[in-house]
Each structure stands twice: as structure tokens, then as C-alpha cells.
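For reference, the structure discussed in these notes is given below.
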Amino acid sequence: MKDKATIKQMIEELKTLKTDNMYLNDFFHTWKESDDEIAAVFQVAEVLRALRENNISTKVFDSGLGISVFRDNSTRTRFSFASACNLLGLEVQDLDEKTSQIAHGETVRETANMISFMADVIGIRDDMYIGKGHTYMKTVAEAVQDGYDDGVLEQRPTLVNLQCDIDHPTQSMADMLHVINHFGGVENLKGKKVAMTWAYSPSYGKPLSVPQGIIGLFTRFGMDVVLAHPEGYNVMADVEEVAAENAKKSGGSYKRVDSMAEAFKDADIVYPKSWAPFAVMEERTKIVEQGDQEALKALEKRCLANNAKFKDWTCTEDLMKTTKDGKALYMHCLPADITGLSCKEGEVEASVFDRYLVPLYKEASYKPYIIAAMIFLAKFQNPSAKLEELLEAAVKRIK
Amino acid sequence: MKDKATIKQMIEELKTLKTDNMYLNDFFHTWKESDDEIAAVFQVAEVLRALRENNISTKVFDSGLGISVFRDNSTRTRFSFASACNLLGLEVQDLDEKTSQIAHGETVRETANMISFMADVIGIRDDMYIGKGHTYMKTVAEAVQDGYDDGVLEQRPTLVNLQCDIDHPTQSMADMLHVINHFGGVENLKGKKVAMTWAYSPSYGKPLSVPQGIIGLFTRFGMDVVLAHPEGYNVMADVEEVAAENAKKSGGSYKRVDSMAEAFKDADIVYPKSWAPFAVMEERTKIVEQGDQEALKALEKRCLANNAKFKDWTCTEDLMKTTKDGKALYMHCLPADITGLSCKEGEVEASVFDRYLVPLYKEASYKPYIIAAMIFLAKFQNPSAKLEELLEAAVKRIK
Amino acid sequence: MKDKATIKQMIEELKTLKTDNMYLNDFFHTWKESDDEIAAVFQVAEVLRALRENNISTKVFDSGLGISVFRDNSTRTRFSFASACNLLGLEVQDLDEKTSQIAHGETVRETANMISFMADVIGIRDDMYIGKGHTYMKTVAEAVQDGYDDGVLEQRPTLVNLQCDIDHPTQSMADMLHVINHFGGVENLKGKKVAMTWAYSPSYGKPLSVPQGIIGLFTRFGMDVVLAHPEGYNVMADVEEVAAENAKKSGGSYKRVDSMAEAFKDADIVYPKSWAPFAVMEERTKIVEQGDQEALKALEKRCLANNAKFKDWTCTEDLMKTTKDGKALYMHCLPADITGLSCKEGEVEASVFDRYLVPLYKEASYKPYIIAAMIFLAKFQNPSAKLEELLEAAVKRIK
């Protein structure tokens, strides 16, 4: 547990980061944020965590709502968002909109305003349809901006992307903070090899936003990021471009290979995880729009058959032995498809998964703080001053 | 944004209103409340809003539950209720009672007590069955009164009608507060013409409580209220009587016509909205009680066919031109059936709706404050003193 | 209403009780708790209630989550848990896990950690499957203990059993606190006769945890506890052993009879309530595991037919007359199957039930406070000091 002097020091470090542009703004994709802004999210997350560990309240809202919109099932992200809101003093209200997956723009605008009269933050997960999730979030963000400008809303709720079709920033940043802590600081990451690789799963249609989020963020830290997948399982070209550019700037590298073995070789970090090819997700989105159930079934059948060709893309003990000292950090966003446990053949061998249980849970434990930090930075123009206030006041969380 | 001196002045005005009878009481129908009580709800709503705009906390409950019971789908009212509770410091717990639509009296009494051990307010929406909604609310109110008298409940939760078969007071009062602000004060309403008119919609069975709520409340302000609908689409006779009486007292007028054009002519305010005839709603209630699915379908078919005869009852640009200076305030409780947008033919032309988007959203924005004001007046015997305390303490909502 | 001097006296009495072992611990079965611990739960519950009645805030958490997991429908317990959490300052988040009733151990461990990053308490109801509910709760408790030990969780949430296959401690303790208050103190219970008897109901498969909870707890107070049921409707043998041992220690008695009349004769307390035989519940669990719908239907049919042989096991006015002075305290966990009201033939005659309505509601009213007391004792090493603080601070609940 960090003591108060350490926390004070962390807040001092935060002061050196420029975060003005985050104030009253939204969080969509990590690559839209500057290095300072990314660093600030990590720093605020760590300070909030340290305060809580010291039983110091971080309730900066006396009242106010955090609205969650989950257009896909979710337990982990739902609880992370609820935890983040509660940590800051916001009460969660869930908008349950089973209907109108692809709703008309005007309707989205109306709904966005109707739920926002007392909302300080809106968290949205909409990851299943290519070209839809991010667009929806932008529409909501614009609607509440208009609502605020027009005097309909007293405050403009901040939008936090809890996973869209393009990026999953709360996941990739929780993952990265785990990596930073695991390797003892951001300064130790240069030259580390990261293998973000596709893995076999008996389901299809898993979103692309996790691998995209990882290559879009991890390339910013001077690491050698390798994306591996079978032929045809491409991610969005735009995001690969972001990754390549990041790598160039940060002094790392980014490359794509078609072999899991090659990716794992000497890797410091491995992230084996299934996803659906971008082209398939595009096709799927069109079919869903047309409401063609037959075509959807046919697509699923075809994809599963194709997946089955790559059952050897699985994280085995043997593969793990080929990583750096045989001890690469195994990562996953959870839940994983574990061979012989949650499915017959899956992404990872049970013994590998088991050995990494505690690090995996720690990885997940950062998410609530990452979300809280994103909200915090959007709501306080001078975040370090506010954190200092909290530290000084030292109101007990449990009295 | 109102400054503190203005808020102080508003609180002074509140002191002149007699609200003793609201203390520890319920809110069922606007016409059960005195003029002072209605004015007090508006005044408290405005003060709460002004305090929040000044980032001043209005959290008067340290803990306590607000129970919501929605016997019909709802997004807007659900979020308004949640917002109101949160604004005052109550946590919302939703009673999800899909079953027992028309439950036995004793069971209602039991449930009402079981959910109320720590409830300060119960908000109920039950609007679909004639003769049921209000009756249900009265049963709940009596049950918790008995529970309190018998020493079962430590406090007696206040009941707020979030829409029943007869009235929709949180809607009509939000609408009215919008009108007051639009016309620059209640003193400017005398002689204004209001057209509450039926409009075509491709759905049937929309509740009567909105038009009834409007004619039951708007007639109290010296306005000329016209209710227009095709033959057979009558509202409850009792409520028309209330409207007529109100009009007489307030120096306004109330009349019913069978032409949308006549209603719109020179109107200052138009409220075109679909509803089902009272007689149909009565028939429907009986059929639902008997659980006769065939009869229900037949009724729906018959009603839709009848509705279709009146597709010309729609709010067009041409009709809008006939209103006062062609600029009547267009109102709707939302969501509206918009021609060419949310349906092929509906209540209003898209261009009309679009032009009034911002006023429509503002209209809706009053509802959380109206609900909060109703709760506030039921919980504090001296509401102005309590509001003064909040203003003086000036605890920040966002710290 | 108790005055502050009385509350102070109650807190003094609490100081004499040894509760160290409850601190940071879970609450599974009443018979795992010492007499001091049971007494402390009652005492803290009464103090919390008295504080609330005096409008004194008992909010000891500034933020934090209370997670509820209901693997069976629930209104009463759900609202009791929500009320208890709110009373102490925790926000409820419900884990809705319709799937995986009998989940794999590793998955339970993962979920338990994922929902607990900011959880101070987890309340679980899992009562339908013999050998499953308690096991599940133990797995969750161990998972969060491991999570805490491994540094995944900053705090270790306390687990509260909201009903398992073996015990229903929040129910039996609410019932007992009602009995204590009804008879004017725990010192008046010695020698009182309690009839916990099976009663006919037109449904089958009601959980055993209520009768088991009652005989497992009520035998600790020197009372003569009689369990009555038709042949074959046995409860778990282990729990009967607990009851027998308790009775021996407390100077009371425990016996089983096969006649409702014998149990009711001269009883001071009667608790007629339906349940399914232990053997049937075991069979049912196996069938559900196998997913054999046909077998499940056959079992239901057989059980209902068997139940129907014992329709005379119902709490009538005639039976009530045979109790002590014809005035035994009638108890039920609610909802009851009331003859002629909620069913054709059920557990109790309508006139009996009606006469005891107020005591029944009061019985239920203790549950939120019992749950809050369990949480309180798990979170504060020195509960009396904390309660004294609350009394002295006297922060108003309603300001």
C-alpha cells in the first residue's frame, strides 16, 4: 500500500502533464489522445486506487447520474463502470434499449437528451457492428453537446467508450497499466516484445476492438508489437496504420505475421485471443441490417468451418516455453475459452491459464480505476489540485 | 443562470403559498391540489433547478429509497424519476412486477408494505387500464398508511402518480412550467388559446391521461382551452367537467370541437397527440381481464381501421400557418409519431417537429424537477426554510 | 420510539458480547455462530432501527458496492438487502446470471473476483438445489479470500447468505427478533412451545431452508420446538441433529411428530408452511443437472399428487383454538398460500391470516435490519464504539 507521501509525489508528477483538452471532453480512441493525456489517465487511476487503499474517499460528486448503455451483454465492463461511478459519487442508471440496434439518427438524439438531464457521464458499449458503434457514440456525443448549447441540458455529460467497433480503450489501458506495473515502470518497456495473436475459439464473431485496441496503444511505448493471425483474419487497415505510425514515433516496431510460433518466439508479453475477420464483421453487419436470418446462419456456419482449420492456433505450454525465458506475461481480457474447461478446444491450455490466474485478475482490476480516471479528467480542469484536496481532506471511505 | 439573490427572491415568493396540506401527502391528480399547491410545485421545481445550475447540492436525504413501479414500459419517466430521486439523495429501487397486472387487493397491500420498510417515496406508472391505475395507486397509498399507523413502517412513503388512467400530473405540470417560461410568466397566460387535439397515429390504445391531464390543468390559468377530436374519441366525462369548472373559475374557457382546423385557428399553443377513445379503453380493459386474445386482436383491428379514417388529423405546416402569427408553440409529451420519420403517416409533419426540437426537449427537461418538487413538498413542512438552508449551506454538487 | 438514553443503554449491553470472530467474516448458518454473536446481531439490528427512528444517519460507508446475486426470484429479500445496503451507505449492483446454475468452479472464482473490485458485501440467494447453494457460497467466499490474499482485491467482501439449500439465516433471525419483541424479551422465551409444521400448498418444491432455519435457531432459546410433517416430508438429518443439540444445551427440547394437531396443541407460536421433502429435492437436483425435462414433469406430478393427500394439513381457526389460550403467535415468511384467496386450498385459512396481518408485516420488517447488522458486525471490529459515534454525531437522515 502506498503511503501519503508517495501519493503526494504521484500527484506532483501529474502536474507536469498537459490535460486541458480532456476537460469537458469525451474518450473515444486512445490514439486521439496525446501522450500526456494517456499518461494522465494512468496516473489519476493509480492515485485514485492508492487513495482508496488508504480508505480515503474520492467522492467528488455529491449527486449525479452515470448512464450506462450496453448494446451487448456484459458483466465485467458493467461492474467496472458501476464501480467507477460509485467511487466518484455517481449513481448508475442503465438504459435498457433492446430494440433499435441500428436506430435512426433523430431518435438517438432524442433519447440522448431525455436520459441526460442529470447525467454527468454516459458509458456506451456497442461493439458488434462494423461502422456502427463509434458512429452511434459520436451521434450521442453531438446530441448532448447540442442539448447543452441549446440550454436543454444544464451540464454536458462526458461520453466514455466502453467498447466500440474500433477501439476498446478502457480494456487496452487497463491492460497497459497492468503491463507497466508488472515490468516496474513505463521506462522498462522499450524493446519488450508483445505478441497480440489470434487464437482458435469454438465461437465466431468476437469483436475486433480488443486486438485493435492493443496494437493501437501498446505501440506507443517503444515496444516491438507483433500482430499474428491466419490468413484472412485481418483487423481494420486504419488501425494497423495507427500502430505503424505509433511504433515509428516511439522507437518501437509493428509488424504482422501469419504464424503464432513466430509471434511467441522470445516474446515478453503474449495476448492470444480470438476475433472475427474484419471482412466477415462487415458482411455480418450488412446481413443484420437486412434482417436475413438464413444468411446469418450460413455465414456463421462458414465462419466456424473456417475457424476450425486453425485449431492449432492455441496457447500451449510448448508455445509458452518458446517465449522470453519461457515466462512471457500471458494476458487476456476475459473470459477466455479454455481448452477442456470452458470448451473442448479453445484459446489456451488449462494449465497455462491456471498459472496466470492471479496476474489475469490483477489485469482486470485496473479497469474500474481507468474508467474513473477518464471521468475525473473530463470533469476537473485541474485534476492534481482536486486530488490534493481529497488527500488533505482524507474523508474516510469506511467510517 | 439565476444568481443567488434571484433564488432568494423565489424562495420569498414561495413563503406566500400555503402548502401545509401537501406535507406527508400523496400527489394523484392536479385538480385535487389547490392553486397555491400547484404554484408551489412550480416554484420549488424552479428553485431546485436554479440551485443545481449554481452547483449547489439539494441532497436533503442522507439515505433512503425511492421505489419505482412501472406497469408499462417507460424510458423518459423512468429516468425523470431516477433523476429526481438522485437529486434529493434517494436511491432508486425498481419493483419489477411483470405478473399480476390486476392483482388481488390483499396482495397489493402485502407487497406495498414489503417494499416500503425504508422507502421515502413510491412512484407508480399504471396507465393502460381504465378504472385500474388510479385504484391501484389508492390501494398502495392506503396500505402504506395502514402500515405506518400499525407501526410496521417507520415512515410513510409518499406516493407520486407517474401516470395513471385518469391523469399524468408530472407530464402536464412539466408541460405547464414550459408554457409559463415560454410566455414569460403565469401572468401572461390569460386569454391564450390552447389546442389540445387528437392526431392520427398508426398505433392504437395510447393512454388518455395526457389529454385529460392537459385540459384538467391548463384550464386553471385563464386560457381558452379547446379539445378537438373526431367523433367517438371522447375522453372521460368527469375530467371534462373538471376542465369546464376550472375554466369558469379562472376566467378562461373550455370547449370541445370536432375539427383540428377549428382548434388550431389562432391558437397560441397546439398539442396534437393520439389517444384511444375512452369507450375503447373500457372495452379493452374488460377483454384483458377475461384474457381473451382473439377479442383483443379483433378490437385492435377495428380500432386501427377506425383511426385510419382520420389520417388527415395531422399537424402539418399548413395547419401551423393558421395559428397565432403562424407561430403557435408546438408541444408533445414525446415520443411523437413523425410522418416519414418514425412512421409512414403520423401525428406531425417532420419539418414541423424538427423546427420545435429544442422547445420540445426543454419541455421534457422540467419533469425531473417537477417530480423532485412533489417529493420535496411532501417531505418538508416548511419547504422555503429548507430551501434557504440549502442555499446558505451551498454544498457543492460537483466538488 | 426509543430515546437516546435507551439507545445508549442498548449499546452498553452490546459491549458485553464477544464479536471479534465476526469481523471480516461471512454469515452462512446461524449454528456456526456463538450465542454472543447471535445476540449481537439482534442488538445491532435494534440499535440501527432505533437510530433510524430517531432520524439519525447510520451511513458508515461513504461509497462502496453491495452485490446481490439472486439465483431464484425474489422481491422481499431483494428489497431487504437493498434497504440494508442503502441504510449503511452501500449502492446495490445486481449480478444477473440467469445462465450456469451449476457453474464450473473456476468460472465462479473468476466471476466472484470480477464483481468484487469495489464490493464490501455480496448477498447470495441460491436455495433451490440440494447440495448446491451453500457450496456455491463457500466457493465465492473462498474465491474472494484468495483474491484478497493475492492482492487482486483491495478489500475482501463479506458474504451474507440470503437463503441457501440448508439455512435461511436472515429470515430465521428476523423471525426470532419478532418473537423476542412479541414476548417482551429473550428472557421470556424459556418453556414456550413452538410448532414448526408442514402445511399443504398447491405448489411443490418449496425450499427446506425455512423450516431448517427455524429449528436450527429457535432451539437455542430454551423453547420446546416441535417439527411436524407428514411421513416422507423430512428435512435434512444434519439440521435435526443441530436442533437436538441446541435444545439440550439451552434447556429446551426438540422433537418431531407426524401430526399437525399434536404440534399445535398448547403452542405459543405456530409456523405452518409448505416445503418439499429432502429426498425429493435431492432427486430434483439430479434431474435438473441431467436436464431431463420429462423426468422433471413426472416428478412434479408425483409430488403434487402426494401433497394432495395432506390437504388437511392447513392452519384453520379450529386448530388455532387448540393453541395456548387460542392465541398462539402465527408466523410465516410470506407470501403464504391462503385458502380461498391466493389459492383454492392452501397453508392457512383466510380469517386466521387476516387476523395476523400486522404481526406478519412486523415480522418481515426486521429483515433489513438483520442484514444490516450482519454487514455491520463484519465490517467494524468495535461495533459498539462505531454505534456510539453515530449516536453522538447524530447526522440527520432526512435533513
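For the protein sequence lines, the chains are E, Y and D, in the order given. Per the numbering used here, residue 1342 is the first one in the first sequence, and the count goes up by one each step. Per the numbering used here, residue 1342 is the first one in the second sequence, and the count goes up by one each step. Per the numbering used here, residue 1342 is the first one in the third sequence, and the count goes up by one each step. Think of the CB as a built atom: it goes at the ideal place given N, C-alpha and C, for glycine as much as any other residue. Just so it is clear, the structure is predicted and the values come from calculations on it, not from any experiment.
Other residues of its chain near residue i: CB distance less than 8 Å, five sequence neighbours each side excluded
i                       : result
residue 1571 of chain Y : 1539, 1599, 1650, 1651, 1654
residue 1523 of chain Y : 1670, 1700
residue 1682 of chain D : 1691, 1694
residue 1640 of chain D : 1621, 1624, 1625, 1628
residue 1506 of chain D : 1467, 1468, 1469, 1470, 1471, 1472, 1473, 1474, 1475, 1548, 1549, 1550, 1622
residue 1685 of chain Y : 1543
Residue i - containing alpha helix (DSSP H), residue span
i                       : result
residue 1353 of chain E : 1345 to 1356
residue 1552 of chain E : 1550 to 1559
residue 1474 of chain D : 1474 to 1490
residue 1365 of chain Y : Run containing residue 1365 of chain Y: none; DSSP gives neither H nor E here.
residue 1621 of chain Y : 1619 to 1631
residue 1735 of chain D : Here residue 1735 of chain D belongs to no alpha helix (DSSP H), and DSSP marks it neither H nor E.
residue 1375 of chain Y : From DSSP, residue 1375 of chain Y is part of no alpha helix (DSSP H); its letter is neither H nor E.
residue 1513 of chain D : 1510 to 1523
Limits of the beta strand (DSSP E) - the one that residue i falls within
i                       : result
residue 1432 of chain Y : 1432 to 1436
residue 1534 of chain D : 1534 to 1539
residue 1614 of chain D : 1610 to 1614
residue 1500 of chain D : 1499 to 1502
residue 1466 of chain D : 1460 to 1466
residue 1328 of chain Y : Residue 1328 of chain Y lies beyond the range of chain Y shown here (1342 to 1740); nothing can be said about it.
Close Cβ partners of residue i (< 6 Å) along its chain, the five nearest in sequence each way excluded
i                       : result
residue 1548 of chain E : 1468
residue 1364 of chain Y : 1722
residue 1746 of chain Y : What the structure shows of chain Y is the stretch from 1342 to 1740, and residue 1746 of chain Y is not part of that stretch, so it cannot be assessed.
residue 1445 of chain E : Low confidence applies to residue 1445 of chain E: its pLDDT is 44, below 50, so where it sits in the model is not reliable, and the reading given next is rough at best. The answer is none, since no qualifying residue turns up.
residue 1601 of chain Y : 1538, 1569, 1654
residue 1597 of chain Y : 1568
residue 1459 of chain E : 1406
residue 1616 of chain Y : 1547, 1549, 1552
residue 1580 of chain Y : 1553, 1557
Close-in-space but distant-in-sequence residues of the same chain around residue i (CB under 7 Å, 5 per side omitted)
i                       : result
residue 1636 of chain E : 1628
residue 1707 of chain E : 1386, 1515, 1518, 1519
residue 1423 of chain D : 1433
residue 1503 of chain E : 1418, 1422, 1464, 1465, 1466, 1511
residue 1456 of chain Y : 1408, 1436
residue 1735 of chain Y : 1397
residue 1559 of chain Y : 1517, 1535, 1566
Residue i CB to nearest heavy atom of the ligand COA below 8 Å
i                       : result
residue 1432 of chain D : Absence of the ligand COA from the depicted structure is noted, as is the absence of any ligand whatsoever, leaving it without description.
- [ ] Determine, using beta-carbon pairs with one atom in the stretch 1429 to 1438 of chain E and one in the stretch 1370 to 1386 of chain E, whether at least three such pairs fall under 8 Å.
- [x] No, the stretch 1429 to 1438 of chain E does not touch the stretch 1370 to 1386 of chain E.
Open item on the list: Below 8 Å, how does it come out for the stretch 1584 to 1593 of chain D and the stretch 1622 to 1632 of chain D: are there three or more Cβ pairs, yes or no?
Closed with: no
- [ ] Mind listing, in chain order, the continuous alpha helix (DSSP H) runs of no fewer than 4 residues lying wholly within the stretch 1638 to 1723 of chain E?
- [x] The stretch 1638 to 1723 of chain E contains these whole alpha helix (DSSP H) runs: 1658 to 1662, 1691 to 1696, 1698 to 1706, 1708 to 1720.
Open item on the list: Can you confirm whether the stretch 1384 to 1403 of chain D touches the stretch 1353 to 1360 of chain D when touching is taken to mean that 3 or more C-beta pairs between the two stretches lie within less than 8 Å?
Closed with: yes
- [ ] Could you tell me which uninterrupted beta strand (DSSP E) segments, each at least 3 residues in length, are contained entirely in the stretch 1571 to 1605 of chain E, listed from first to last along the chain?
- [x] Taking 3 residues as the minimum length, the beta strand (DSSP E) runs contained wholly in the stretch 1571 to 1605 of chain E are 1594 to 1598, in order along the chain.
Open item on the list: Any C-beta of chain Y within less than 9 Å: which residues of the stretch 1448 to 1461 of chain E qualify?
Closed with: With the criterion set as a beta carbon lying under 9 Å from some beta carbon of chain Y, the members of the stretch 1448 to 1461 of chain E are 1448, 1450, 1451, 1452, 1454, 1455, 1456, 1457, 1458, 1459, 1460, 1461, in sequence order.
Task: Sequence ranges, beta strand (DSSP E) only - wholly within the stretch 1383 to 1417 of chain E, length at least 3 - done: 1406 to 1411
Task: Near-chain E residues of the stretch 1418 to 1435 of chain Y (beta-carbon distance less than 7 Å), N- to C-terminal order - done: Within the stretch 1418 to 1435 of chain Y, the residues whose Cβ lies closer than 7 Å to any Cβ of chain E are, in chain order, 1420, 1423, 1424, 1427, 1428, 1430, 1432.
Open item on the list: Would you call the stretch 1517 to 1532 of chain Y in contact with the stretch 1477 to 1488 of chain Y, where contact means no fewer than 3 C-beta pairs closer than 8 Å?
Closed with: No contact exists between the stretch 1517 to 1532 of chain Y and the stretch 1477 to 1488 of chain Y.
TODO: Give, in chain order, every residue of the stretch 1481 to 1493 of chain D whose Cβ lies closer than 8 Å to some Cβ of chain E.
DONE: 1488, 1491, 1492, 1493
- [ ] Name, going along the chain, the residues of the stretch 1391 to 1419 of chain Y whose beta-carbon falls closer than 9 Å to a beta-carbon of chain D.
- [x] Residues of the stretch 1391 to 1419 of chain Y with a Cβ closer than 9 Å to any Cβ of chain D, in chain order: 1400, 1401, 1402, 1403, 1404, 1405, 1406, 1408.
Open item on the list: Assess contact between the stretch 1365 to 1378 of chain D and the stretch 1399 to 1418 of chain D, defined as three or more Cβ pairs (one per stretch) separated by less than 8 Å. Is contact present?
Closed with: no
- [ ] Say whether the stretch 1708 to 1721 of chain Y touches the stretch 1571 to 1584 of chain Y, bearing in mind that this needs 3 or more beta-carbon pairs closer than 8 Å, one atom from each stretch.
- [x] no
Open item on the list: Beta carbons nearer than 7 Å to chain Y: which residues of the stretch 1375 to 1391 of chain D have them?
Closed with: none
Open item on the list: So if I threshold CB-CB distances at 7 Å, which residues from the stretch 1493 to 1527 of chain Y count as touching chain D?
Closed with: 1493, 1495
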